[in-house]
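Protein sequences, first through last, are from chains C and G. Each residue of the first sequence is one higher than the one before, counting from 1 in this note's numbering. Each residue of the second sequence is one higher than the one before, counting from 1001 in this note's numbering. Just so it is clear, CB atoms sit at the ideal spot from N, CA and C, and this is done for glycine as well. Step one of this worksheet: look at the structure below.
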Amino acid sequence: SQTIHQWPATLVQPVGSPLSLECTVEGTSNPNLYWYRQAAGRGLQLLFYSVGIGQISSEVPQNLSASRPQDRQFILSSKKLLLSDSGFYLCAWTEGQGWAKNIQYFGAGTRLSVL
Amino acid sequence: DQQVKQNSPSLSVQEGRISILNCDYTNSMFDYFLWYKKYPAEGPTFLISISSIKDKNEDGRFTVFLNKSAKHLSLHIVPSQPGDSAVYFCAAQGAQKLVFGQGTRLTINP
């Protein structure tokens, strides 16, 4: 069966420090991968998605970047965190093709607090 | 441009009664719709979906209705249980990605 791992679960970082959040998927190949952010009391904002290794689409201009160095690995990064980067970050995956591509499966999330 | 809207940020329902969560969309090209349930500090979990060629899909206590002419979908939960208390997101399938609504916080009262 397929599983998605996302870590760390919580992170407290000072303003101006770098960030690296990692997400890996097991039990499938060539998935579509997604990074979302949920700010306090808000909905899910799509940040990046990837349909293959090295292919990254950015949805919102911001202080963050994403990379996909391997088929089932998706990394969210920042060189210098801002206070506004605080939030709940979620990684998700979906099948790359077929009807199942419509259903996204989410990781447990990372709570990032920038102080 | 909010393509998927959930206009009710919260809903309170008595245990055993029906919960109805609503969602509106603007893009007529959307062809697949989903509902997710989210507990605090957890990732959303897939609940139920519906293709645009259907107007109803049922799974146990959960039923999703789609009205394409009105660009409206709804999720019915009956009977509502305390464990149903969560935030519910509707989503529409676009090109390679889902477009989510803002969510509705459902509280089931004993």
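Any residues in the region 20-33 of chain C with a beta carbon nearer than 8 Å to a beta carbon of chain G? Which ones, in chain order? Those residues of the region 20-33 of chain C placed with their C-beta closer than 8 Å to a C-beta in chain G are Asn32, ordered along the chain.
For Ser1052 (chain G), three-class secondary structure by DSSP: Here Ser1052 (chain G) sits in coil by DSSP.
Environment of Ser57 (chain C) [buried if 16+ CB atoms lie within 10 Å]: The Cβ neighbour count for Ser57 (chain C), taken over all protein chains shown within 10 Å, is under 16; the residue is labelled exposed.
Where does the unbroken beta strand (DSSP E) through Phe74 (chain C) begin, and where does it stop? 73-78
Leaving out the 5 sequence neighbours to the left and right, which residues in its chain are closer than 6 Å to Asn1057 (chain G) when beta-carbon positions are compared? Ile1050, Val1064
Could you spell out the range, first to last residue, of the beta strand (DSSP E) harbouring Leu81 (chain C)? DSSP places Leu81 (chain C) outside any beta strand (DSSP E), giving it a letter other than H or E.
8 Å Cβ cutoff met for Val12 (chain C) and Ser84 (chain C): no
What does a CB cutoff of less than 7 Å around Val1078 (chain G) pick up in its chain, not counting 5 residues either side in sequence? Ile1018, Arg1061
Any beta strand (DSSP E) of 3 or more consecutive residues that is wholly inside the region 1006-1059 of chain G: The qualifying runs are 1010-1014, 1019-1025, 1032-1038, 1045-1051, 1056-1059.
Within the continuous beta strand (DSSP E) that includes Arg111 (chain C), where are the two ends? 110-114
Asn1067 (chain G) - containing beta strand (DSSP E), residue span: 1062-1067
Beta-carbon neighbours of Tyr1032 (chain G), restricted to chain C and to distances below 8 Å: Asn102
Where Phe1089 (chain G) and Leu47 (chain C) are concerned, what is the direct C-alpha to C-alpha distance, given to the nearest angstrom? 17 Å
Would you verify that the beta carbon of Val51 (chain C) is, or is not, closer than 8 Å to some beta carbon of chain G? With 8 Å as the cut-off, Val51 (chain C) counts as an interface residue toward chain G.
So, at 8 Å on beta carbons, what are the nonlocal neighbours of Ala108 (chain C) in its own chain, with the 5 sequence-adjacent residues on each side left out? Gln6, Ala9
Restricting to Cα atoms, I'd like to know which of G:Gln1003, G:Gln1006, G:Ser1010, G:Asn1027 is closest to Ile1108 (chain G). Selection G:Gln1003, G:Gln1006, G:Ser1010, G:Asn1027 evaluated against Ile1108 (chain G) yields G:Ser1010 as nearest (Cα-Cα).
From Leu1021 (chain G) to Leu1106 (chain G), what distance separates their C-alpha atoms? Those two C-alpha atoms are separated by around 8 Å.
The region 1076-1109 of chain G: positions lying closer than 7 Å to chain C by Cβ: Phe1089, Gln1093, Gln1096, Lys1097, Leu1098, Phe1100, Gly1101, Gln1102, Gly1103
What span of residues does the beta strand (DSSP E) with Val1078 (chain G) cover, start to end? From DSSP, Val1078 (chain G) is part of no beta strand (DSSP E); its letter is neither H nor E.
For the putative contact between Tyr89 (chain C) and Leu21 (chain C), defined by C-beta atoms under 8 Å, what is the C-beta separation to the nearest angstrom? Going by Cβ atoms, the distance from Tyr89 (chain C) to Leu21 (chain C) rounds to 6 Å, so yes, they are a contact pair.
From this set, C:Gly87, C:Ser50, C:Ser17, C:Arg72, which residue's C-alpha is nearest Val25 (chain C)'s C-alpha? The shortest Cα separation from Val25 (chain C) among C:Gly87, C:Ser50, C:Ser17, C:Arg72 belongs to C:Arg72.
What is the rounded straight-line gap between the Cα of Lys1054 (chain G) and the Cα of Phe1030 (chain G)? 13 Å
Pick from G:Gln1003, G:Pro1110, G:Lys1097, G:Thr1026 that is closest to Ser1085 (chain G), judged by C-alpha positions: Ranking G:Gln1003, G:Pro1110, G:Lys1097, G:Thr1026 by Cα distance to Ser1085 (chain G) puts G:Pro1110 first.
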